[in-house]
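For the sequence shown, numbering that gives the first Met the number 0 begins at 0 and goes up steadily by one.
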Amino acid sequence: MSLLSHLPAGAVRRLRRWMLAQGRKADPLRLLSISRERATRVARWAAQSSPAYRQLLEEQGLDPGRVGPSTPWQQLPVLTKTNTFGRFPVESLSRPLPPSDLADVLTSSGRGGRSFGFRLTAREQHEEAWFDIDLGLQDVFGVDEKPTLLVNCLPMGVVFPSRAVTVANVSVREDMACSILRDIGPRFAQTLVCTDPLFVRALLEEGRAAGVDWAALNTSVIVGEEVLVEAQRDHIAAHMGIAIDAPAEDVASRLVGSSYGVGELGLNLLFETRDTIRIRRALRDQPALAAWLCGPSNGAALPSLFCFNPLRCFLEVLDPDADGYGELCVTLLDRHAVIPLPRYATGDLARILSAADAQQVARMAGAAVPWLPVVALKGRLKDRQPGLPSVESLKELLYQDHHLADQLTGAFRLSTGTDGVAQVTLQAGSESAAADPGLAARVTALAARHGMGDLTVHVVGPADFPWRPRLDYERKFSYLET
0 MSLLSHLPAG
10 AVRRLRRWML
20 AQGRKADPLR
30 LLSISRERAT
40 RVARWAAQSS
50 PAYRQLLEEQ
60 GLDPGRVGPS
70 TPWQQLPVLT
80 KTNTFGRFPV
90 ESLSRPLPPS
100 DLADVLTSSG
110 RGGRSFGFRL
120 TAREQHEEAW
130 FDIDLGLQDV
140 FGVDEKPTLL
150 VNCLPMGVVF
160 PSRAVTVANV
170 SVREDMACSI
180 LRDIGPRFAQ
190 TLVCTDPLFV
200 RALLEEGRAA
210 GVDWAALNTS
220 VIVGEEVLVE
230 AQRDHIAAHM
240 GIAIDAPAED
250 VASRLVGSSY
260 GVGELGLNLL
270 FETRDTIRIR
280 RALRDQPALA
290 AWLCGPSNGA
300 ALPSLFCFNP
310 LRCFLEVLDP
320 DADGYGELCV
330 TLLDRHAVIP
340 LPRYATGDLA
350 RILSAADAQQ
360 VARMAGAAVP
370 WLPVVALKGR
380 LKDRQPGLPS
390 VESLKELLYQ
400 DHHLADQLTG
410 AFRLSTGTDG
420 VAQVTLQAGS
430 ESAAADPGLA
440 ARVTALAARH
450 GMGDLTVHVV
460 GPADFPWRPR
470 LDYERKFSYL
480 ET
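What follows is the structure, encoded as structure tokens:
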């Protein structure tokens with residue numbers, strides 16, 4: 000049993016407040032230096048405990064027994080799902096641990112096919128997993144001061160351990176979620192809904208039918224699983240009555256935020272804060288600032304701006320381009336990890352902002368400087384194919400007109416037609432919407448106004464959309480042909 004588990008609730012709340020206060024005073028450069036030092040120790044520990052990692056080191060020409068501070072970090076192998084879970088059995092990837100000491104197993108999404116990665120959690124980890132979650136919830140939502148109900152609508156077995164909030168894990172059952180919110184939610188000072196950008200559509204529709212009063216429930220939304228673009232944030236906020244552009248001093252206002260995790264590593268590795276949301280939204284009205292931060296847009300949406308805790312994970316960008324964007328690589332700084340994965344490439348396109356860059360972008364946006372390091376994330380590398388608009392730019396397009404967006408499910412498939420022209424097939428929310436010839440024409444007109452005049456648009460009914468049953472939210476949706 001960990002020491003944290005023995006602390007009374009009042010002591011835990013005081014510890015959270017102290018840690019957050021100390022964090023805001025800390026030197027960001029010092030935190031990043033500590034992060035790098037700990038990453039080196041994690042690599043050394045992985046070399047001692049994982050047979051698979053030792054083999055990968057040897058194939059890289061490195062002596063596993065000599066991995067340490069003197070080893071050039073860039074010489075360590077970059078791990079991927081293919082060269083780890085796709086190559087080695089879990090027993091070879093893991094540190095020695097009796098099965099009875101395992102508390103939890105979580106898989107990756109399996110988005111890449113039938114290949115899965117795993118995160119195994121030992122009981123010693125599991126007993127403290129709630130603390131990091133609650134620390135983040137307190138920082139953004141003040142859950143220690145406000146009794147909070149968190150309704151978790153994320154799929155694939157993703158659960159939230161917490162001792163600060165009441166959690167309802169309902170997965171992708173919009174009827175259960177709305178029933179709990181309507182009937183149990185009024186007992187709490189605030190409610191939080193964790194979901195993904197596609198399922199939230201079903202949740203909003205069910206909420207209307209079930210009589211859920213989002214404003215009375217003081218509901219905020221945390222979106223995961225895929226990139227949230229600003230037009231989607233506007234759409235969700237409009238339907239839930241959330242004033243997402245509330246003044247900076249209103250720290251208790253409701254929000255629509257985004258979180259990023261990796262199944263093999265952990266939840267909430269990257270997360271939006273009120274400050275990063277305010278900065279990203281300001282970029283829409285400052286083209287020069289957006290161009291400086293984003294690089295050539297090619298019609299792409301603005302990158303997400305996330306903070307991360309450098310004492311929890313070490314981040315780097317592989318092979319950055321002239322604008323600083325490359326593949327995001329994460330080292331989880333947890334020596335209790337059952338499967339150590341130093342330098343794990345995520346497949347996402349990102350740029351880590353220097354402290355000076357973060358200060359500059361915050362100043363130009365008229366926002367406070369985030370107290371944690373900032374990373375800009377553009378989305379999946381595989382979702383950026385030559386000759387096609389980015390998935391995020393098309394999402395931004397579709398959600399600009401809320402009435403139009405309400406007639407679609409949010410699912411679409413981008414491809415190249417036989418004539419070599421980019422085309423998109425949109426899934427309508429109903430057969431009557433699909434039968435409206437004006438729907439495709441409106442999307443085409445929107446595309447032309449936003450630099451996608453060559454895009455061919457098709458709209459099909461729910462049953463005619465061949466890539467996914469309409470209500471299957473268990474799997475991450477693939478917007479591009481693989």
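Backbone N, C-alpha and C define an ideal beta-carbon position, used for all residues, glycine too.
Remember, it's a predicted structure, so these values are computed and weren't measured experimentally.
Taking its Cβ as the centre, do 16 or more other Cβ atoms sit within 10 Å of residue i, making it buried, or is it exposed?
i	result
Phe476	buried
His238	buried
Arg94	buried
Pro341	buried
Lys24	exposed
Gly60	exposed
Lys145	exposed
Pro98	exposed
Val420	exposed
Ala349	buried
Gly9	exposed
Asn297	With a pLDDT of 46 at Asn297, under the threshold of 50, the modelled position of this residue cannot be trusted; read the value that follows with caution. Asn297 should be labelled exposed.
Arg65	exposed
His234	buried
One question on the structure: do residue i and residue j come within less than 8 Å of each other, judged by their Cβ atoms?
i	j	result
Val374	Phe305	yes
Ile243	Ala236	yes
Pro309	Ser34	yes
Cys328	Ala354	no
Glu326	Ser107	no
Leu269	Leu282	no
Leu493	Leu393	The structure shown does not extend to residue 493, since the chain is modelled only from 0 to 481, so the question has no answer here.
His457	Gln422	yes
Cys152	Val192	yes
Ala176	Leu134	no
Glu391	Gly378	yes
Val169	Ile179	yes
Phe159	Leu148	no
Glu225	Leu301	no
Thr83	Leu92	yes
Arg362	Leu403	no
Leu288	Arg311	no
Val157	Leu266	yes
Tyr472	Leu197	yes
Val360	Ile276	no
Arg181	Ala208	no
Rank the options by C-alpha distance to the C-alpha of residue i and give the top, closest one.
i	options	result
Pro27	Asp418, Asp463, Thr408 and Pro372	Pro372
Ala163	Asn151, Cys177 and Leu136	Leu136
Arg273	Asp318, Phe140, Arg186 and Leu6	Phe140
Ala336	Ala45, Arg280 and Gln189	Ala45
Ser161	Phe187, Ile132 and Arg181	Ile132
Val459	Ser431, Met451 and Phe115	Ser431
Ser257	Ile351, Leu376, Pro339 and Pro461	Leu376
Ala188	Asp195, Thr194, Trp213 and Val199	Trp213
Asp174	Arg186, Pro185 and Arg200	Arg200
Per the DSSP calculation, residue i is bridged to which residue(s)?
i	result
Arg379	Asp347
Phe270	Ser258 and Cys306
Glu326	Leu317 and Leu348
Leu92	According to DSSP, which records beta bridges pairwise, Leu92 is partnered with nothing at all.
His457	Thr424
Val193	Sequence check: residue 193 is Cys here, not Val. DSSP, once it has assigned bridges, lists Asn151 and Ile221 as partnering Cys193.
Leu407	Ala427
Gly265	Val261
Cys312	Leu331
Consult DSSP for residue i and reduce its assignment to one of helix, strand or coil.
i	result
Gly260	strand
Ser392	helix
Arg172	coil
Arg469	Bear in mind that a pLDDT of 48 at Arg469, under 50, signals an unreliable position, so the number given afterwards is only what the model happens to contain. In the structure shown, Arg469 sits in coil (DSSP, three-state: anything other than H, G, I, E or B).
Gln47	helix
Ser414	strand
Ile221	strand
Arg86	coil
Arg118	strand
Asp103	strand
Gln422	strand
Phe139	Checking the sequence shown, residue 139 turns out to be Val, not Phe. Three-state DSSP puts Val139 in a helix.
Ala167	strand
Val374	strand
Leu331	strand
Leu301	coil
Leu6	coil
Leu227	coil
Leu282	helix
Could you tell me whether the Cβ of residue i comes closer than 8 Å to any Cβ of chain D?
i	result
Glu224	Included in the structure is just one protein chain, with no chain D present.
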